[in-house]
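My numbering applies: residue 716 is where the sequence shown begins, and numbers increase by one. Have a look at the structure below before the remarks.
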Amino acid sequence: MNLENTVEIIPFSPALKEPIKTLNKEWLQKYFRVEENDEIVLSNPQEEIIDKGGFIYYARYNNEILGTVSLLKEDDMTFELSKMAVSDKAQGLGIGNELLVHCMAVAKENNIRKLFLYSNRKLLPAIHLYEKFGFTEIPLGDVSYERADIKMEKNIP
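Here's what the structure looks like:
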């Protein structure tokens, strides 16, 4: 197996502060707009995600960071799957799948009981991916993202 062509999931480090911002902004600008809360979180990932008990992971392929995902702490048992983005040039490599597999493993390791996410129904490939991983739609409730029109959750066994 050629290791150069495998997707490697690596954790956030201060040296890797920029990719979460560049990947998410590229994605947001393509489909929606960058909201004020996005700008705050993406500009300060250490303070807004890591220091609050969350996690950030990157997908590295051929020595390039091409995807990212975050787990934002809601409480000890519940985290939001958020800030997931894959570069357009990496579509079809299964990076979104790899990031979700990793998040499920992290959730189990950390005794996280529930993951939830916000998305938009027009993002059909994303919705199908979440459904494949066992996420189901729940009432939207109060949401801080104007682009969100669906909320999904998954209980972690």
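Idealized CB from N, CA, C, for every residue including glycine. These numbers were taken from a predicted model, which means no experiment stands behind them.
Take the Cβ of Lys798 as the centre, count every other Cβ of all protein chains shown within 10 Å, and call the residue buried at 16 or more, exposed below.
-> For the purposes of this step, residue 798 is taken as residue 83 along the sequence shown, with counting starting at 1. Per the 10 Å Cβ criterion, buried.
Taking C-alpha atoms, which residue in Asn835, Val784, Asn870 lies nearest to Gly849?
-> Residue numbering aside, residue 849 sits at position 134 when the sequence shown is read from its first letter. Checking every option, the nearest Cα to that of Gly849 belongs to Asn870.
Round the Cβ separation of Val801 and Ile810 to the nearest angstrom and send it over; I've been treating them as touching at under 8 Å.
-> Residue 801 sits at position 86 when you count from the first residue of the sequence shown. Residue 810 sits at position 95 when you count from the first residue of the sequence shown. So it is a contact: roughly 5 Å between Cβ atoms.
Just to confirm, does Tyr776 get its C-beta within under 7 Å of one of the non-hydrogen atoms of the ligand SAM?
-> Ligands are entirely absent from the displayed structure, and the ligand SAM is therefore not among its contents.
Is the beta carbon of Met867 less than 8 Å from the beta carbon of Phe831?
-> Locating residue 867 in the sequence shown gives position 152, where the first residue counts as 1. Locating residue 831 in the sequence shown gives position 116, where the first residue counts as 1. For Met867 and Phe831, yes; Cβs fall inside 8 Å.
Check Thr783 in the structure and name its three-state DSSP category.
-> Position 68 of the sequence shown, counted from the first residue, corresponds to residue 783. Thr783 falls in the strand class under three-state DSSP.
How big is the Cα-Cα spacing for Ala863 and Glu741?
-> Position 148 of the sequence shown, counting from 1, holds the residue named residue 863. Position 26 of the sequence shown, counting from 1, holds the residue named residue 741. Taking the straight line joining both Cα atoms gives about 17 Å.
Which listed residue (Val756, Leu731, Asp790, Leu838) has its alpha carbon closest to that of Ser829 = Here residue 829 refers to the residue found at position 114 when the sequence shown is read from its first residue. Residue 829 is actually Lys in this sequence, not Ser. The option with the nearest alpha carbon to Lys829 is Asp790.
Cβ neighbours of Glu846 in the same chain (closer than 6 Å, five flanking residues each side left out) | The sequence position of residue 846 within the sequence shown is 131, counting from 1. Hits under 6 Å: none found.
Starting from Ile853 and walking both ways along the beta strand (DSSP E), at which residues does that stretch end?
-> Along the sequence shown, read from residue 1 onward, the residue named residue 853 stands at position 138. That run of the beta strand (DSSP E) goes 851–853.
Indicate whether the contact test is met: 3 or more Cβ pairs, each with one atom in the stretch 718–733 and one in the stretch 772–788, closer than 8 Å.
-> yes
Rounded C-alpha distance that separates Lys736 from Leu757 = Indexing the sequence shown from 1 puts residue 736 at position 21. Indexing the sequence shown from 1 puts residue 757 at position 42. Lys736 and Leu757: Cα-Cα distance of roughly 5 Å.
Check whether Glu795 and Leu787 have beta carbons under 8 Å apart = Here residue 795 refers to the residue found at position 80 when the sequence shown is read from its first residue. Here residue 787 refers to the residue found at position 72 when the sequence shown is read from its first residue. Cβ atoms of Glu795 and Leu787: closer than 8 Å.
Taking the alpha-carbon positions, what's the Asn777 to Thr721 distance?
-> Numbered from its first residue, the sequence shown carries residue 777 at position 62. Numbered from its first residue, the sequence shown carries residue 721 at position 6. The alpha-carbon atoms of Asn777 and Thr721 are separated by roughly 8 Å.
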